[in-house]
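**Student:** First to last, the protein sequences are chains X and V.
Letter by letter, the first sequence follows residues 1 to 286 in the UniProt record's numbering.
Letter by letter, the second sequence follows residues 1 to 232 in the UniProt record's numbering.
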Amino acid sequence: MDYFATVLISSLSSASILLIATLGLAVVFGLMGVINLAHGEFIMMGAYSALTATQLGIPFILAIPVAVLVTMIFGALVEIIIIRRLYGRLFDTMLATWGLSLALYQGAVLIFGSVSPGIGMPQINFNVGDYTLAAYPIFMILVAVVMLAGIYVLLTRTVYGMKARAAIQVPDMARAIGIDSARTNTLTFAIGCGLAGFAGAILLPIVPATPSMGFAFVIKAFLTVVIAGPVTLAGSALAAIGVGTGASIVASFMTSVAGDLFFFILTVVLLRLYPLGVSAKWRMKL
Amino acid sequence: MFKVSNATGGYGKTIIIHDVSLNVREGEIVALLGRNGVGKSTLMKYMTAIIPAKKGKVEIAGCPAPNTTFGRARAGLGYVPQGRFVFPRMSVTENIAVAAATNGKNATMAVEEALEEFPLLRPKATALAGGLSGGQQQVLALARALAADPCILLLDEPTEGVQPSIIDEIAGTLLRINKERGISMLVAEQDLDFCLSIAERAYVMERGTIRLETDRENLRKDKALQQELLGV
């Protein structure tokens, strides 16, 4: 019983980690429709920014906003220089962001080398019966919930959020009521990148910064958003918790390969059943 | 008040409208008549700068209009497009609120005013705009445009696909808004009765140009022109 509880809690925690890594993409790809193949590299950039900040003596908790800021600014530049010219051109966007991903990966190898020191996980543990769990990964469940709620509030309760959704849903009409769609889209893309940076930073104690860390996240993040469908936020949360928790439970009873296999098979099954994503028929905003 | 001179433009290299000049005076409702495909919608997209101008000028309230669509909207140009184009995954309230807030108005008050003005939207206030009927969407698109506080309103086929009872309501509302708030309007239409009921003056378009300018009385009398416009 205790064992099953620990498996469930740690699986939920893995699902939350997946969700944290996915939410930035949910905004950029799910909401804006930009296939950003460099999403993983934005996570990596967030991780390295936080790592560098802590190495400069900034406490980890303050290194996180630094990472968010760095990735947001970089994201805004990428939008202005590359993405803005490619809205609605799917394959061109993929090619451009793939190129960006390669450049960022190689850039990280050149600057940081292919291995780098991790930062210690806060050594706080708690017990479930006879089993001991590290608190930090469990804390990620809370982080995912807060992050999800934060994005929801930002996009539904603020003027910026309404403008952002209007500019994405019907760009011409958004402009025709006075919204500067181009600027709004730059900000939305930057926020998506900032969320990826936040993910890289907050996960740093669990997933050490390496130049190739992005690859580990990007595939599952994309699949999660694709499973989610048009109601991006709620859909991504459900997909990450459903598929992610399932895969993690399978992984803990069998092997991590079996877990991944479960993840991909379940994705295929879900996309057969819901070709437009699980949320295709939901009447919800996000 | 609102003036377009020598408007020439279209999509890509295809020119649709040639040298169109027209004006709408302060507080006036003007109809833009013509059969399908004569360039009424293209002209409206030209006016809102949704399509680029090849030639010509637009003036809003006596000043040269900005070059961007959002700049023109902020200068007081409201637009209700053909096909409504409400923001589908936003609630009715949000559709109105975003237009008001973008133009520096109090969103809560603007929403309350709009629901007051258009009672049929009230029961739908929290519903997603994409789920409304055609007529309801038309009314919402109008409410959204008004929430931005325009001085000139462009309406592109506001009666298309709308049930007759709502058409009368729209006509009544447009007249009331025109009187109470002094908003000038340019209405592109194929529904002659609708136009005769609200507009004092009309331009008739043909093959991308203005063929003639007429007023309500002459339009009422000119059966030949009516036949032609109605396409019978």
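Glycine is no exception: its CB is placed at the ideal position from the N, C-alpha and C atoms.
Is there a C-beta anywhere in chain X that falls below 8 Å from the one on Val232 of chain V?
**Tutor:** Low local confidence applies: a pLDDT of 46 at Val232 of chain V is under 50, so the model's placement there is unreliable, and no value is given.
**Student:** Provide the residue span of the alpha helix (DSSP H) that contains Ser256 of chain X, from first to last.
**Tutor:** Residues Ser256 to Leu273.
**Student:** Quick check on Val98 of chain V - is its C-beta less than 8 Å from some C-beta in chain X?
**Tutor:** Yes, Val98 of chain V lies at the interface with chain X (some Cβ there is under 8 Å from its Cβ).
**Student:** Take every Cβ of the region 156 to 172 of chain X, pair it with every Cβ of the region 235 to 249 of chain X, and state whether three or more of those distances are shorter than 8 Å.
**Tutor:** No, the region 156 to 172 of chain X is not in contact with the region 235 to 249 of chain X.
**Student:** Applying a beta-carbon distance threshold of less than 9 Å, which residues of chain V neighbour Val159 of chain X?
**Tutor:** Correct list: Ala97, Val98, Ala101, Thr102 and Ala107.
**Student:** With a threshold of 8 Å between beta carbons, is Thr42 of chain V in contact with chain X?
**Tutor:** False, the Cβ-Cβ gap to chain X never drops below 8 Å.
**Student:** Given a threshold of 16 other Cβ atoms within 10 Å of its Cβ, counted over all protein chains shown, does Ala103 of chain X qualify as buried or as exposed?
**Tutor:** Its Cβ having fewer than 16 others within 10 Å, Ala103 of chain X is exposed.
**Student:** Have a look at Ile73 of chain X and Ala129 of chain V and give me their C-alpha separation to the nearest angstrom.
**Tutor:** One C-alpha to the other measures close to 34 Å.
**Student:** Report yes if the CB atom of Leu153 of chain V is closer than 8 Å to the CB atom of Ala147 of chain V, and no otherwise.
**Tutor:** No.
**Student:** Are Ile141 of chain X and Ser11 of chain X close, meaning C-beta to C-beta below 8 Å?
**Tutor:** No, Cβ-Cβ distance for Ile141 of chain X and Ser11 of chain X is not below 8 Å.
**Student:** Give me the Cα-Cα distance between Phe70 of chain V and Arg216 of chain V, rounded to the nearest whole angstrom.
**Tutor:** Near 33 Å, if we compare the C-alpha coordinates of Arg216 of chain V and Phe70 of chain V.
**Student:** Please classify Thr102 of chain V: does DSSP put it in a helix, a strand, or coil?
**Tutor:** If DSSP states are grouped into helix, strand and coil, Thr102 of chain V belongs with the helices.
**Student:** Say yes only if the C-beta of Ser16 of chain X is nearer than 7 Å to one or more non-hydrogen atoms of the ligand GDP, and no if none qualify.
**Tutor:** Of ligands this structure carries none, so the ligand GDP is not represented either.
**Student:** Among V:Thr8, V:Ile198, V:Ser21 and V:Asn95, whose alpha-carbon lies nearest the alpha-carbon of Gln138 of chain V?
**Tutor:** The option with the nearest alpha carbon to Gln138 of chain V is V:Asn95.
**Student:** Please look up how many angstroms separate the CB atoms of Ile60 of chain V and Gly37 of chain V, rounded, as I've assumed it's under 8 Å.
**Tutor:** Actually they are not in contact, since the Cβ atoms of Ile60 of chain V and Gly37 of chain V sit about 27 Å apart, beyond 8 Å.
**Student:** Could you tell me which uninterrupted beta strand (DSSP E) segments, each at least 3 residues in length, are contained entirely in the region 75 to 102 of chain V, listed from first to last along the chain?
**Tutor:** Complete beta strand (DSSP E) runs here, min 3: 77 to 80.
**Student:** Please return the same chain residues whose Cβ sits closer than 8 Å to the Cβ of Asn6 of chain V, not counting the five positions on each side in sequence.
**Tutor:** The answer, listed in chain order, is Asp19, Val20, Ser21, Lys55, Gly56 and Lys57.
**Student:** Which runs of the beta strand (DSSP E) at least 3 residues long sit entirely within the region 92 to 170 of chain X? Give them in chain order.
**Tutor:** As far as the region 92 to 170 of chain X is concerned, its whole beta strand (DSSP E) runs of at least 3 residues are 125 to 128 and 131 to 134.
**Student:** Using a Cβ cut-off of 9 Å, which residues of the region 129 to 151 of chain V contact any Cβ in chain X, in chain order?
**Tutor:** For the region 129 to 151 of chain V, which is checked against every Cβ of chain X, the residues closer than 9 Å are Gly130, Gly131, Ala141, Arg144, Ala145, Ala147 and Ala148.
**Student:** Quick test of your reading: residue 307 of chain V and Glu189 of chain V, contact by CB under 8 Å. State the CB separation rounded to the nearest angstrom.
**Tutor:** Lying outside 1 to 232, the shown extent of chain V, residue 307 of chain V is not represented and no answer is given.
**Student:** Give the straight-line distance between the Cα atoms of Asp191 of chain V and Val162 of chain V, rounded to the nearest whole angstrom.
**Tutor:** For Asp191 of chain V and Val162 of chain V, the distance between alpha carbons rounds to 11 Å.
**Student:** Near Ala199 of chain V, what residues of its chain come up, given a Cβ to Cβ distance below 7 Å and the 5 sequence neighbours on each side ignored?
**Tutor:** The residues are Ile29, Val30, Ala31, Val187 and Arg216.
**Student:** Taking 8 Å as the cut-off, decide whether the C-beta atoms of Leu286 of chain X and Tyr160 of chain X are in contact.
**Tutor:** No, Cβ-Cβ distance for Leu286 of chain X and Tyr160 of chain X is not below 8 Å.
**Student:** Identify each residue in the region 38 to 70 of chain V for which the Cβ-Cβ distance to at least one residue of chain X is less than 9 Å, and report them in chain order.
**Tutor:** Listed by position, the residues of the region 38 to 70 of chain V near chain X (Cβ gap below 9 Å) are Lys45, Thr48, Ala49, Ile50, Thr68, Thr69 and Phe70.
**Student:** Taking 8 Å as the CB-CB cut-off, is Gly178 of chain X touching chain V?
**Tutor:** Chain V contact via Cβ: present.
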